[in-house]
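Student:
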Amino acid sequence: MKQARRLIKAPVVILMTLSSTACVTSTVQDARTGVTGINEGESVVIMAKSYHLGNETELKYIRCIENNLARGKNALRVIPHDEFVDSLFPWFEPRTAPAETKNLAKLMERPGVADRIESQGIRYIIWLDGDTERVAGGGSLSCAAGPGGGGCFGFAWWQKDADYDASVWDLQGLESAGTVSADVSGTSFMPALVVPLPFIARTQAKACKTLADQLHAFIVQDEEV
Amino acid sequence: MNRTAILGIVLAGLLSGCGSSVTLQTATIPEPLLEQIPISVGLRMSNNFEHFVHEEKVFGREEWSIDLGRSNAALFEQLFGHMFARVKVLGPNDDPQLFPLDALIEASIDAFEFSTPDQSNTEAFAVWIRYRLKVYDREGTLVSNWPVSAYGKSQTTTMGGSDALQRAAILAMRDAAALMIMKFDNVTRISSLAEHPVMETTPVAEPEVDESADADADTDVQATAHEGSQDEAG
Chain A
0 MKQARRLIKA
10 PVVILMTLSS
20 TACVTSTVQD
30 ARTGVTGINE
40 GESVVIMAKS
50 YHLGNETELK
60 YIRCIENNLA
70 RGKNALRVIP
80 HDEFVDSLFP
90 WFEPRTAPAE
100 TKNLAKLMER
110 PGVADRIESQ
120 GIRYIIWLDG
130 DTERVAGGGS
140 LSCAAGPGGG
150 GCFGFAWWQK
160 DADYDASVWD
170 LQGLESAGTV
180 SADVSGTSFM
190 PALVVPLPFI
200 ARTQAKACKT
210 LADQLHAFIV
220 QDEEV
Chain B
0 MNRTAILGIV
10 LAGLLSGCGS
20 SVTLQTATIP
30 EPLLEQIPIS
40 VGLRMSNNFE
50 HFVHEEKVFG
60 REEWSIDLGR
70 SNAALFEQLF
80 GHMFARVKVL
90 GPNDDPQLFP
100 LDALIEASID
110 AFEFSTPDQS
120 NTEAFAVWIR
130 YRLKVYDREG
140 TLVSNWPVSA
150 YGKSQTTTMG
160 GSDALQRAAI
170 LAMRDAAALM
180 IMKFDNVTRI
190 SSLAEHPVME
200 TTPVAEPEVD
210 ESADADADTD
220 VQATAHEGSQ
230 DEAG
């Protein structure tokens, strides 16, 4: 009986492992324009560029970057962006948020803004721009069911591109510290011979992990400059 | 119930199509960081501010009912409470000239629109709201007629379209609030209507009705007399 269970488990584990992997390629790069570094008590906030400017960055991607930066051995102190936006209402709403660092000085002169930023210890604002899109797909897969059972037959594939840029603004000098970008492309496919076998490329998750790791290094490791 | 009846009910359900209903909890805005305008204003809101329902059948698709409840009223009460030194919310039959006000603001909703992901071919719901603000001076003369167009957008989540649409509506209201905070005085010049700028931030007290107020009662609807006669944007 145990042997039979093992015989069933083995292919299931193999299938699950295969299903979680598919073809993903990624490119990450940064362009530094200033010296970075972060002290104890200082924090970062992750924002999405305004949808008034046509940006489509997903809320779950912002949360993913926040979570990745805030965990691990050298975790950064991350202020949740909703909390930040509310605390500075209305100056970081999609309509009012500064689009360039040159607008920061004027923003800081507004009543209460500098105090709120200082009280939260915010050193960097990281502006995300970009999204994940399905760019191609093809194949054919059909399923049918009848009194005697059912099944699928065919082959389908699709490609998603996740392109994100992060602009890092240093609030200490009210200037840009540079940009980090991650371009990830993933192709998923699903062959089906009675049972469909999904090989899903986790494109957005990869783009999140890649960008978060690079952002962490960008902010913390100023000795590379 | 026999099989035919059950099948009939199922078929009727399928043929009638789907309907979606969204009810918004009364929205709140955070305390804004702003310089208060030192005047006392009266705020009169159109009837649908207390209970705004938008119903629309998306052509060939779902029928939507969006109930904003009294979110619009709450938004304006909160916002103007922060923006102006004193605010008196007036009922439809209140006479603004019986109160010590520097200006009267009449707020109404010109239009409410939304789009679904199917319509926009994106994964987001979007909401547009156009408010209209009419500002009257102490004598009841219309000094500004300002259409405030606001926009909110929210992507669908695993929680479904209802949550995303609610969030888009809230974002549109916050957008309107942000626009009003930024531009109100520039557009309407309401601060210039102050006779004696108000320094303290206590709420407007109920007026003491005296004989002179009664004597002026026949002129108390001046403020609304201009409504509809001047449509120019502020």
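Protein sequences appear in the order of chains A and B.
Numbering that gives the first Met the number 0 applies: residue 0 is where the first sequence begins, and numbers increase by one.
Numbering that gives the first Met the number 0 applies: residue 0 is where the second sequence begins, and numbers increase by one.
By construction, the Cβ of each residue, glycine as well, lies at the ideal position given by its N, Cα and C atoms.
All values reported here derive from a predicted model rather than from experimental measurement.
Can at least three beta-carbon pairs, one atom from the region 91-102 of chain B and one from the region 132-147 of chain B, be found at a separation below 8 Å?
Tutor: Touching, yes.
Student: Whose Cβ in chain B lies nearer than 7 Å to the Cβ of Asp29 (chain A)?
Tutor: Along the first sequence, one-based indexing puts residue 29 (chain A) at 30. Within chain B, no residue comes near Asp29 (chain A); the closest Cβ sits about 27 Å away, beyond 7 Å.
Student: Have a look at the DSSP bridge pairing and note the partners of Pro146 (chain B).
Tutor: Locating residue 146 (chain B) in the second sequence gives position 147, where the first residue counts as 1. B:Arg131, per the DSSP bridge assignment.
Student: Find the residues of chain A that neighbour Ala177 (chain B), judging by a C-beta separation of less than 7 Å, and give them in chain order.
Tutor: Indexing the second sequence from 1 puts residue 177 (chain B) at position 178. Ordered by position in chain A, the residues that pass the 7 Å Cβ test against Ala177 (chain B) are Pro89, Glu92, Arg94, Thr95.
Student: Measuring CB atoms only, is the region 118-126 of chain A touching the region 158-174 of chain A, in the sense that at least three cross pairs come out at less than 8 Å?
Tutor: Yes: at least three Cβ pairs fall under 8 Å.
Student: Return yes when the Cβ of Ala161 (chain A) is within less than 8 Å of the Cβ of Thr131 (chain A), no when it is not.
Tutor: Along the first sequence, read from residue 1 onward, the residue named residue 131 (chain A) stands at position 132. Along the first sequence, read from residue 1 onward, the residue named residue 161 (chain A) stands at position 162. It is a contact, given that the beta carbons lie within the stated cut-off.
Student: Considering just the uninterrupted stretch of the beta strand (DSSP E) at His215 (chain A), what are its terminal residues?
Tutor: The residue you call residue 215 (chain A) lines up with position 216 of the first sequence. Segment 202-219 is the alpha helix (DSSP H) holding His215 (chain A); no beta strand (DSSP E) there.
Student: Helix, strand or coil for Val34 (chain A) per DSSP?
Tutor: Position 35 of the first sequence holds residue 34 (chain A). Three-state result, Val34 (chain A): coil.
Student: Are the C-beta of Ala58 (chain A) and some C-beta of chain B separated by less than 8 Å?
Tutor: Residue 58 (chain A) sits at position 59 when you count from the first residue of the first sequence. According to the sequence displayed, residue 58 (chain A) carries Leu and not Ala. At least one chain B Cβ lies under 8 Å of Leu58 (chain A).
Student: Is DSSP giving Thr201 (chain B) helix, strand or coil here?
Tutor: As a working note, residue 201 (chain B) is residue 202 in the second sequence. Low confidence applies to Thr201 (chain B): its pLDDT is 44, below 50, so where it sits in the model is not reliable enough to give any reading.
Student: Give the interface partners of Asp85 (chain A) over in chain B, defined as CB-CB distance under 7 Å, in chain order.
Tutor: Residue mapping note: residue 85 (chain A) aligns to position 86 of the first sequence, counting from 1. The answer, in chain order, is Pro29.
Student: Are there three or more Cβ pairs, one per stretch, closer than 8 Å when the region 33-42 of chain B is compared with the region 212-219 of chain A?
Tutor: No, they do not touch.
Student: Helix or strand or just coil, what does DSSP make of Leu140 (chain A)?
Tutor: By one-based count along the first sequence, residue 140 (chain A) stands at place 141. Leu140 (chain A): strand per DSSP, three-state reduction.
Student: Let me see if you follow: with CB-CB separation under 8 Å, is Pro110 (chain A) close to chain B or not?
Tutor: As a first step, residue 110 (chain A) must be located in the first sequence, where it is residue number 111. Pro110 (chain A) counts as touching chain B.
Student: Under three-state DSSP, which class holds Ile28 (chain B)?
Tutor: The residue given as residue 28 (chain B) occupies position 29 in the second sequence. Coil.
Student: Starting from the C-beta of Ile61 (chain A), find all residues in its chain whose C-beta is less than 7 Å away, skip the five residues before and the five after it, and write them out in chain order.
Tutor: For the purposes of this step, residue 61 (chain A) is taken as the residue at position 62 of the first sequence. So the list reads Ile45, Ala47, His80, Leu127, once near-sequence residues are dropped.
Student: Give the residues of chain B in contact with Arg133 (chain A), contact being defined as C-beta atoms less than 7 Å apart.
Tutor: Counting from one through the first sequence, the residue named residue 133 (chain A) turns up at place 134. What Arg133 (chain A) touches in chain B: nothing, since even the nearest Cβ is about 11 Å away.
Student: Just the C-alpha distance for Pro146 (chain B) and Leu89 (chain B), rounded to the nearest angstrom, thanks.
Tutor: To locate residue 146 (chain B), count along the second sequence from 1; it is residue 147. To locate residue 89 (chain B), count along the second sequence from 1; it is residue 90. Those two C-alpha atoms are separated by around 21 Å.
Student: Under the DSSP definition of a beta bridge, which residues are partnered with Gly145 (chain A)?
Tutor: Against the first sequence, residue 145 (chain A) aligns to sequence position 146. DSSP, once it has assigned bridges, lists A:Gly148 as partnering Gly145 (chain A).
Student: Pick from B:Ala176, B:Thr121, B:Glu54: whose alpha carbon is nearest that of Gly64 (chain B)?
Tutor: In the second sequence, counting from the first residue as 1, residue 64 (chain B) sits at position 65. For the record, residue 64 (chain B) in the displayed sequence is Ser; it is not Gly. Residue B:Glu54 is the option with its Cα nearest to Ser64 (chain B).
Student: Of all Cβ atoms in chain A, is any one closer than 8 Å to the Cβ of Asp174 (chain B)?
Tutor: Locating residue 174 (chain B) in the second sequence gives position 175, where the first residue counts as 1. Yes, because at least one Cβ of chain A sits closer than 8 Å to the Cβ of Asp174 (chain B).
Student: Could you round the C-beta distance between Phe83 (chain B) and Ile36 (chain B) to whole angstroms and report it? I think they count as a contact, below 8 Å.
Tutor: The residue labelled residue 83 (chain B) in the question sits at position 84 within the second sequence. The residue labelled residue 36 (chain B) in the question sits at position 37 within the second sequence. That belief holds up - the Cβ atoms of Phe83 (chain B) and Ile36 (chain B) are roughly 5 Å apart, short of 8 Å.
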